[in-house]
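Scroll down for the structure; my scribbles are underneath it.
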Amino acid sequence: MKMDTATQIAEAFYNARKRGSFLAEFPGPLPSDLTEAYAIQDCEIALSEQGPSGWKVASIHPELQASFGAHRLSGPVMRLIDRTDSAEEFFEVSVIAGGFAAVEAEFAFRLGRDIPAGACAEDLNAAVAAMHVAVEIAGSPLASLNDLGPVAVVSDHGNNAGLIVGPEVMNWRERPVEKLTTQVEIDGEAVGEGSAARLQGGPFGALAWLADHLAQRGHSLKSGMWISTGATTGVHRISPHQRAVVRFPKIAELKFNVIG
Numbered sequence: 030m031k032m033d034t035a036t037q038i039a040e041a042f043y044n045a046r047k048r049g050s051f052l053a054e055f056p057g058p059l060p061s062d063l064t065e066a067y068a069i070q071d072c073e074i075a076l077s078e079q080g081p082s083g084w085k086v087a088s089i090h091p092e093l094q095a096s097f098g099a100h101r102l103s104g105p106v107m108r109l110i111d112r113t114d115s116a117e118e119f120f121e122v123s124v125i126a127g128g129f130a131a132v133e134a135e136f137a138f139r140l141g142r143d144i145p146a147g148a149c150a151e152d153l154n155a156a157v158a159a160m161h162v163a164v165e166i167a168g169s170p171l172a173s174l175n176d177l178g179p180v181a182v183v184s185d186h187g188n189n190a191g192l193i194v195g196p197e198v199m200n201w202r203e204r205p206v207e208k209l210t211t212q213v214e215i216d217g218e219a220v221g222e223g224s225a226a227r228l229q230g231g232p233f234g235a236l237a238w239l240a241d242h243l244a245q246r247g248h249s250l251k252s253g254m255w256i257s258t259g260a261t262t263g264v265h266r267i268s269p270h271q272r273a274v275v276r277f278p279k280i281a282e283l284k285f286n287v288i289g
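Counting with the numbering used here, you get residues 30 to 289 for the letters of the sequence shown.
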């Protein structure tokens, strides 16, 4: 894919996000592989007036991992919603009407120091200042983004529209990952439950993969960034005028209304 084509695709996604308007179709030829898709993603990041506040990690469907040569993908977090001190009240989260929107129960790391390229497990462990409960707002101007597969998802911010950060998980290093449980409810109906054990290698496995992946792309993980480590119950579609409650038993819950 020529660089001007990648730039045109990135500009279409960026402008649609900025306007809050949906796209009827993928704005150009689909990337042929993940390398081309990340080139588009980097172009879209460059168009922003500010760099990422963090990064998201997501799994690639097992049936597609061999063909793409990867088991995970990443995207920048450009919008943070801070609910660290007020998780018990309902709040509003905006999405693009006519686009893609979903909620994912996650656990997020806050970095307390930079992570150097080639970081070992000890470096990663020392860099994590805290773990918090979180909800990824998966989102794109393109409603069919997920259906088009990993190259489309990667192209537009990894299908990320924001990260809600909730209260800190105390003593998380001593908790087995299967005890970090989650539940998602939409309009009063339970739609998923799980735990951090669903993540390959747990949250730290996601962080280790991301550090290596970003270093290969020329990005770095900086102090103060948030790392959303992956969906623990699945990806749950949501639309404007719906209400979500994401529970982290014995820790906190995040409750919000979706608006378009």
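By construction, the Cβ of each residue, glycine as well, lies at the ideal position given by its N, Cα and C atoms.
So, are the CB atoms of residue i and residue j less than 7 Å apart?
i             : j             : result
valine 274    : glutamate 214 : yes
threonine 258 : arginine 227  : no
glycine 289   : alanine 190   : no
valine 180    : valine 287    : no
glycine 221   : glycine 263   : yes
proline 105   : histidine 186 : yes
Of all Cβ atoms in chain C, is any one closer than 7 Å to the Cβ of residue i?
i          : result
alanine 45 : Looking for chain C here will not work: only one protein chain is present.
DSSP has residue i in a bridge; who is on the other side?
i             : result
aspartate 241 : DSSP output for aspartate 241 lists no bridge partner at all.
valine 132    : Ile166, His265
glutamate 118 : Answer is none; glutamate 118 lacks a bridge partner.
proline 105   : Trp84
valine 275    : Val213, Leu283
histidine 161 : Ala137, Glu197
Between the Cα of residue i and the Cα atoms of the options, which residue gives the shortest distance?
i              : options                        : result
glutamate 282  : Gln212, Val264, Glu203         : Gln212
glycine 195    : Gly289, Gly230, Leu243, Arg276 : Arg276
alanine 75     : Asp114, Ala35, Phe233, Gly253  : Ala35
alanine 225    : Phe233, Leu236, Leu209         : Leu209
alanine 87     : Gly230, Lys47, Ile280          : Gly230
asparagine 188 : Ser82, Ile166, Asn154          : Ile166
serine 103     : Ile256, Lys279, Pro278, Arg272 : Ile256
glycine 49     : Asn154, Val124, Ile89          : Val124
glutamate 54   : Leu174, Tyr67, Val206          : Leu174
arginine 204   : Pro81, Ile280, Glu151          : Ile280
Skipping 5 residues on each side, what residues in its chain have a beta carbon closer than 6 Å to that of residue i?
i              : result
tryptophan 238 : Arg101
proline 144    : Going by the sequence as given, residue 144 is isoleucine instead of proline. Ala156, Ala240, Leu250.
Could you tell me whether the region 125 to 132 touches the region 266 to 280, using the rule of 3 or more Cβ pairs below 8 Å?
Contact holds between the region 125 to 132 and the region 266 to 280, because three or more Cβ pairs, one in each stretch, are under 8 Å apart.
Does the region 71 to 88 come close enough to the region 36 to 44 to have 3 or more Cβ pairs within less than 8 Å?
Between the region 71 to 88 and the region 36 to 44, the count of C-beta pairs closer than 8 Å reaches three or more; the two stretches touch.
Pair every Cβ in the region 189 to 203 with every Cβ in the region 156 to 165, then say whether three or more of these pairs are closer than 8 Å.
In short, these stretches touch, since the Cβ pair count reaches three.
Inspect the CB distances between the region 198 to 207 and the region 164 to 175 and report whether three or more fall short of 8 Å.
The answer is no - the region 164 to 175 does not touch the region 198 to 207, with fewer than three Cβ pairs under 8 Å.
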